[in-house]
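Below is one structure, written out as structure tokens, with a few remarks after it.
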Amino acid sequence: MQVIRPFLRLPALIVRIILFLLTILLIAYLFPKEGKFKYEYQKGAPWLHETLIATEAFPIYKTSAELKHEQDSLQANQLYYFREKPAQTEQLEAEFLQYLATRLDKIWDETGDSLSIDSAIAMKSRLRAAGSEVFRNLYQHGVLPEIVPVLENKPGDYLIHLVRNDIAEQVRLSDLHKITTLENQCRKLISNHPIWTSFPEHYEREFLARFQPKPYLKANLQYDALLTETKLQMTLDNISLTEGMVRKNQRIIDRGDIVNPELFKMLESYKLHYEESIGRNTSYSLLLLGQFLVVFSIMLMFFLFLYNYRREVLNDLKQTIFILLMIVLFVSVASGVIRFKNINLYFIPFALLPIIVRTFYDSRLAIFILLITSLLIGFMAPNGFEFVFIQFLAGVVAIFSMHNAKKRSQLFWSAFFVFLTYSFLNIALRLMQEGSLENVHWPFFIWLLGNAVLLLSSYPLIYLFEKLFGFLSDLSLLELSDTNNVLLRDLASKAPGTFQHSMQVANLAEEAIYKIGGNTLLMRTGALYHDIGKMENPAFFIENLQSGFNPHQNIPFEESADIIIGHVTHGIQLAKKHKLPQAIIDFIQTHHGTTKVQYFYKSFLKKYPNEEADVNRFTYPGPLPFSKETAVLMMADSVEAASRSMKVYSEQSISDLVDQIINYQEQEGQFDEATITFKEVNQVKEVFKAKLRNIYHQRIEYPQ
Numbered sequence: 007m008q009v010i011r012p013f014l015r016l017p018a019l020i021v022r023i024i025l026f027l028l029t030i031l032l033i034a035y036l037f038p039k040e041g042k043f044k045y046e047y048q049k050g051a052p053w054l055h056e057t058l059i060a061t062e063a064f065p066i067y068k069t070s071a072e073l074k075h076e077q078d079s080l081q082a083n084q085l086y087y088f089r090e091k092p093a094q095t096e097q098l099e100a101e102f103l104q105y106l107a108t109r110l111d112k113i114w115d116e117t118g119d120s121l122s123i124d125s126a127i128a129m130k131s132r133l134r135a136a137g138s139e140v141f142r143n144l145y146q147h148g149v150l151p152e153i154v155p156v157l158e159n160k161p162g163d164y165l166i167h168l169v170r171n172d173i174a175e176q177v178r179l180s181d182l183h184k185i186t187t188l189e190n191q192c193r194k195l196i197s198n199h200p201i202w203t204s205f206p207e208h209y210e211r212e213f214l215a216r217f218q219p220k221p222y223l224k225a226n227l228q229y230d231a232l233l234t235e236t237k238l239q240m241t242l243d244n245i246s247l248t249e250g251m252v253r254k255n256q257r258i259i260d261r262g263d264i265v266n267p268e269l270f271k272m273l274e275s276y277k278l279h280y281e282e283s284i285g286r287n288t289s290y291s292l293l294l295l296g297q298f299l300v301v302f303s304i305m306l307m308f309f310l311f312l313y314n315y316r317r318e319v320l321n322d323l324k325q326t327i328f329i330l331l332m333i334v335l336f337v338s339v340a341s342g343v344i345r346f347k348n349i350n351l352y353f354i355p356f357a358l359l360p361i362i363v364r365t366f367y368d369s370r371l372a373i374f375i376l377l378i379t380s381l382l383i384g385f386m387a388p389n390g391f392e393f394v395f396i397q398f399l400a401g402v403v404a405i406f407s408m409h410n411a412k413k414r415s416q417l418f419w420s421a422f423f424v425f426l427t428y429s430f431l432n433i434a435l436r437l438m439q440e441g442s443l444e445n446v447h448w449p450f451f452i453w454l455l456g457n458a459v460l461l462l463s464s465y466p467l468i469y470l471f472e473k474l475f476g477f478l479s480d481l482s483l484l485e486l487s488d489t490n491n492v493l494l495r496d497l498a499s500k501a502p503g504t505f506q507h508s509m510q511v512a513n514l515a516e517e518a519i520y521k522i523g524g525n526t527l528l529m530r531t532g533a534l535y536h537d538i539g540k541m542e543n544p545a546f547f548i549e550n551l552q553s554g555f556n557p558h559q560n561i562p563f564e565e566s567a568d569i570i571i572g573h574v575t576h577g578i579q580l581a582k583k584h585k586l587p588q589a590i591i592d593f594i595q596t597h598h599g600t601t602k603v604q605y606f607y608k609s610f611l612k613k614y615p616n617e618e619a620d621v622n623r624f625t626y627p628g629p630l631p632f633s634k635e636t637a638v639l640m641m642a643d644s645v646e647a648a649s650r651s652m653k654v655y656s657e658q659s660i661s662d663l664v665d666q667i668i669n670y671q672e673q674e675g676q677f678d679e680a681t682i683t684f685k686e687v688n689q690v691k692e693v694f695k696a697k698l699r700n701i702y703h704q705r706i707e708y709p710q
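Below you can see the structure in the form of structure tokens.
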């Protein structure tokens, strides 16, 4: 605080200028420190500049769509790596051959054949050689497990990489055996082997009848996911980013040529090369100066807009800081996304900016801030013109769709309409540039959908800014205008006449402000609270008198005036105690302006004609109304109170009453500081007259 205090003591305009300069420096710092291509162009549109000649040779870069297509193609045609474990294969072969020998021994035991040792050894040797031949035939290329997800629905001629002893070779899928069919293959090879011609006939029959090789036949190939992914990544990394070169002094495009896809690719490559070379060859300080001047020009226009059309915002330090903070916040987020490239720029809900600003201000200011922020980001974003065009239209749609923020469903509709706008404009631009929808990047719409979801964070952000900066949103006004609110319930209990008066004033004022174009919800809420100070001494106000006794009869006129005037002071104290927003307190402060308590002032002059009255004792302290809403409340309050004391209710008497009261307030200069015109004052009069005629119209007499 010690650092800030000297800053706050400076003249108000100087403080605002310093804030704007700090904002300009911060935004300029966020700009990418590279040059900008000086030509604007669009795919499918004619080249509107002079003939473009390459000042240096540069490579032609493939588009992101082309690179994506190549990557997808490589991924779709990638070869999977399977690894054989030789030790496991040798062990499987040894176990299989041992099983064959054991099976032969059982036949000898069961048949009781007497064989010489030499014959038995020879038969076993021949069976072992045959078994080894069969096994190696089965495992020549390898055996796959029962389930291999990566090979599902692959044709027989599909190639895989088989790694044996760290040497990879390509093998067709049809050359490999699957464990599910291996047993039948083994039986077939054993039964058809010529070895049985050298055995007694019943040996083949007995052997094959009980031949169960399945436990000894297992898969010896294993999918190597790590090696597959590594090789694929190496292949993807080796994809060439370029496809050809443009030579120095080569003509790139002539004026009037249509920027077709090939020329667009060449222009994009030249733009990238140009901006990189500008960054290398240009003075860094001059580059920064140029960026500063661009940001300065944009923010100067914004400052002049506020100074000329929304000076009340510029005069309020909190409001100035809030608006500049919002601009810097969105520019910072955009800069970070553009710099790190992990998130699509259109995922950022830029429509949040106009929605939040529109909540606390009007649509014109929201649109202007949206335009300023879009222009600043447009100098950083790829295809800056396209970015500004899309964001501006989407932001305007967001503002129009949030015209009624009192309904919670409105935000969902707003997010939906913004999503439709983004999608429609993206498709429209692709059609204009490409002439077809073939190159539309459909996954891009997922980013747009995320943008719409993030827009739903408007309400918590609005609540946060409302509390931080003391603003007042329609949602808060709805809560405050609920007559079950604690303060209004107290008013109805302690001063029921005042409560009814406030309700009638609210109805009159709301109808009038609707007619001349103001904030109806703020008007109604302010009217409901404008007389809460009367709870301090309710019996001293005529609308609360229930018996014939008048407490003013026994006290001096000055003291009566002090009590009547005091309801403004008491109202302000009560409002602050209950933490009512300043916008509501303004209605309490200004609803009598600097008028006099006429009844007691004139009574004093009549009773003491020879004495000089202290006018200040009979005059409200003010301040004067300063807005349409506070001015209308002063009119409605006086008209409603006076209408209750009329003896005859006719169209003429009501018209005369309204004209007399409001004309007197005008003559007293009570509306000199309010942003209300003579035409609007006359419209308010007509609304009051119509409403009062409806309230006090003649009714039929009911029979006894």
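Following our numbering, the numbering of the sequence shown begins with 7 at its first residue and continues without gaps.
Even glycine gets a Cβ: it sits at the ideal position worked out from N, Cα and C.
Quiz prompt | R178, enclosing beta strand (DSSP E) - first and last residue | solution = If you number the sequence shown from 1, residue 178 lands on position 172. Unbroken beta strand (DSSP E) run through R178: I173 to R178.
Leaving out five residues before and five after E679 in sequence, what residues of the same chain have Cβ atoms less than 6 Å from its Cβ? Mapped onto the sequence shown, residue 679 falls at position 673. These residues qualify, in order along the chain: L630 and F632.
To which residues of the same chain is S609 closer than 7 Å at the C-beta, ignoring the five residues directly before and after it? Walking along the sequence shown from the start, residue 609 turns up at place 603. Around S609, the same chain offers F563 as residues with beta carbons nearer than 7 Å, after the five sequence neighbours per side are excluded.
T248: first and last residue of the uninterrupted beta strand (DSSP E) it sits in:
As a working note, residue 248 is residue 242 in the sequence shown. T248 to V252 is the extent of the beta strand (DSSP E) around T248.
*Which word fits I452, buried or exposed, when buried means at least 16 other C-beta atoms lie within 10 angstroms of its C-beta?*
Working through the sequence shown from its first residue, we reach residue 452 at position 446. It is exposed - the Cβ of I452 has fewer than 16 other Cβ atoms within 10 Å.
For Y67 and E76, the rounded distance between their alpha carbons:
As a position in the sequence shown, residue 76 is number 70, starting the count at 1. As a position in the sequence shown, residue 67 is number 61, starting the count at 1. Those two C-alpha atoms are separated by around 14 Å.
Open item on the list: Using 8 Å as the threshold, is the C-beta distance between F356 and G296 below it?
Closed with: Position 350 of the sequence shown, counted from the first residue, corresponds to residue 356. Position 290 of the sequence shown, counted from the first residue, corresponds to residue 296. No, these two residues do not count as a Cβ contact at 8 Å.
- Are Q666 and S644 closer than 8 Å when you measure CB to CB? In the sequence shown, the residue the question calls residue 666 occupies position 660. In the sequence shown, the residue the question calls residue 644 occupies position 638. Cβ distance not < 8 Å, so Q666 and S644 don't count as in contact.
For this session: With DSSP as the reference, label V343 as helix, strand or coil.
Result: If you number the sequence shown from 1, residue 343 lands on position 337. Looking at V343 - three-state DSSP - the assignment turns out to be helix.
Residue nearest to F395 in terms of C-alpha spacing, selected from I264, E692 and Y352: Position 389 of the sequence shown, counting from 1, holds the residue named residue 395. Just measuring C-alpha positions, the residue of I264, E692 and Y352 sitting nearest F395 is Y352.
(message) Which residue wins for smallest C-alpha separation from H507, given the options I561, L312 and F547?
(response) In the sequence shown, the residue the question calls residue 507 occupies position 501. For H507, the nearest C-alpha among the options comes from F547.
Which of the three DSSP states, helix, strand or coil, is assigned to Y5?
Lying outside 7 to 710, the shown extent of the chain, residue 5 is not represented and no answer is given.
Original post:
Assuming H199 and V140 make a contact with CB atoms under 8 Å, what is their CB distance in whole Å?
Top reply: The residue you call residue 199 lines up with position 193 of the sequence shown. The residue you call residue 140 lines up with position 134 of the sequence shown. Sure, about 7 Å apart at Cβ, within 8 Å.
field: Reduced DSSP secondary structure (H/G/I, E/B, other) of H576
entry: Sequence index remark: in the sequence shown, residue 576 carries index 570 (1-based). Here H576 carries a helix assignment [DSSP, helix/strand/coil].
Quiz item: Alpha carbon to alpha carbon, what distance is there between G599 and P627?
Solution: If you number the sequence shown from 1, residue 627 lands on position 621. If you number the sequence shown from 1, residue 599 lands on position 593. Distance between the alpha carbons of P627 and G599 is about 7 Å.
L371 and L467: beta carbons closer than 8 Å? Translated into positions along the sequence shown, residue 371 becomes position 365. Translated into positions along the sequence shown, residue 467 becomes position 461. Taking C-beta atoms as the reference points, L371 and L467 fail to come closer than 8 Å.
Three-state secondary structure assigned by DSSP to E90 | To locate residue 90, count along the sequence shown from 1; it is residue 84. Three-state DSSP puts E90 in a strand.
Return the chain-ordered ranges of every alpha helix (DSSP H) run that is complete within the stretch 251-318 and spans a minimum of 4 residues. 267-287 and 290-315
For I519 and A589, I'd like the C-alpha separation in whole angstroms. Counting from one through the sequence shown, the residue named residue 519 turns up at place 513. Counting from one through the sequence shown, the residue named residue 589 turns up at place 583. Between I519 and A589, the C-alpha separation is close to 16 Å.
With distances taken between CB atoms, is the gap from V403 to F423 smaller than 8 Å? Taking the first residue of the sequence shown as 1, we reach residue 403 at position 397. Taking the first residue of the sequence shown as 1, we reach residue 423 at position 417. Their beta carbons are under 8 Å apart, which means V403 touches F423 by this criterion.
Can you have a look at Q510 and say buried or exposed, based on whether 16 or more other CB atoms are within 10 angstroms of its CB? By one-based count along the sequence shown, residue 510 stands at place 504. The residue in question, Q510, is buried, as its Cβ has 16 or more Cβ neighbours within 10 Å.
**Request:** Would you mind sorting D163 into buried or exposed? The rule is 16 or more other CB atoms within 10 Å of its CB.
**Result:** On the sequence shown, position 157 is the one that residue 163 refers to. D163 comes out exposed.
Just mark K74 as buried or exposed, buried being the case when its beta carbon has 16 or more other beta carbons within 10 Å. Translated into positions along the sequence shown, residue 74 becomes position 68. When all chains shown are included, K74 counts as exposed.
Using 8 Å as the limit for Cβ to Cβ distance, is I153 near chain B?
-> Of the protein chains in the structure, only one exists, and it is not chain B.
Pop quiz: Y145 and T95 are said to be a contact at Cβ under 8 Å. What is the actual Cβ separation, rounded to whole angstroms?
To locate residue 145, count along the sequence shown from 1; it is residue 139. To locate residue 95, count along the sequence shown from 1; it is residue 89. At roughly 6 Å, the Cβ-Cβ gap stays under 8 Å, so Y145 and T95 are in contact.
Query raised in the report: Helix, strand or coil: how does DSSP classify Q719 here?
Result: Only positions 7 to 710 of the chain appear in the structure, and residue 719 is not among them; the question remains open.
Practice task
In angstroms with no decimal places, state the Cα-to-Cα distance between F374 and F308.
Solution key: As a first step, residue 374 is located in the sequence shown; it is residue number 368 there, counting from the start. As a first step, residue 308 is located in the sequence shown; it is residue number 302 there, counting from the start. Taking the straight line from one Cα to the other gives about 8 Å.
From A642 to A696, what does the alpha carbon distance come to, in whole angstroms?
Taking the first residue of the sequence shown as 1, we reach residue 642 at position 636. Taking the first residue of the sequence shown as 1, we reach residue 696 at position 690. Approximately 13 Å between the Cα atoms of the pair.
Quiz item: How should P360 be labelled, buried or exposed, when 16 other C-beta atoms within 10 angstroms of its C-beta is the threshold for buried?
Solution: Start at 1 with the first residue of the sequence shown, and residue 360 comes out as number 354. Classification for P360: buried.
- prompt: Whose C-beta lies closer than 7 Å to the C-beta of V337 among residues of the same chain, with five residues either side of it excluded?
  reply: As a first step, residue 337 is located in the sequence shown; it is residue number 331 there, counting from the start. Shown here for V337: same chain residues with a beta carbon closer than 7 Å to its own, the five before and five after excluded, namely I33, L36, T379, L382 and I383 in chain order.
Self-check item: Neighbourhood of Y222 by C-beta distance below 8 Å, restricted to the same chain and skipping five residues each side
Solution: The residue labelled residue 222 in the question sits at position 216 within the sequence shown. By the criterion of a C-beta distance shorter than 8 Å, Y222 is surrounded in its chain by L98, E101, F102 and Y105, once the five residues flanking it on both sides are discounted.
- Can you check whether the CB of L376 is closer than 8 Å to the CB of F393? Taking the first residue of the sequence shown as 1, we reach residue 393 at position 387. Taking the first residue of the sequence shown as 1, we reach residue 376 at position 370. Cβ distance not < 8 Å, so F393 and L376 don't count as in contact.
Taking the beta carbon of K691 as the centre, do at least 16 other beta carbons fall within 10 Å, making it buried, or is it exposed? The count along the sequence shown starts at 1 and reaches residue 691 at position 685. With 16 or more other Cβ atoms within 10 Å, it is buried.
Return the first residue and the last residue of the alpha helix (DSSP H) that R134 is part of. For the purposes of this step, residue 134 is taken as the residue at position 128 of the sequence shown. Where R134 is concerned, the enclosing alpha helix (DSSP H) stretches over I123 to L144.
* Excluding the five sequence neighbours on either side, which residues of its own chain have a C-beta within less than 6 Å of the C-beta of Y535, listed in chain order? -> Taking the first residue of the sequence shown as position 1, residue 535 is located at position 529. These residues qualify, in order along the chain: I590.
L247: which of D115, T69, L278 and V21 sits nearest, CA to CA? Taking the first residue of the sequence shown as 1, we reach residue 247 at position 241. Closest option to L247, Cα to Cα, is T69.
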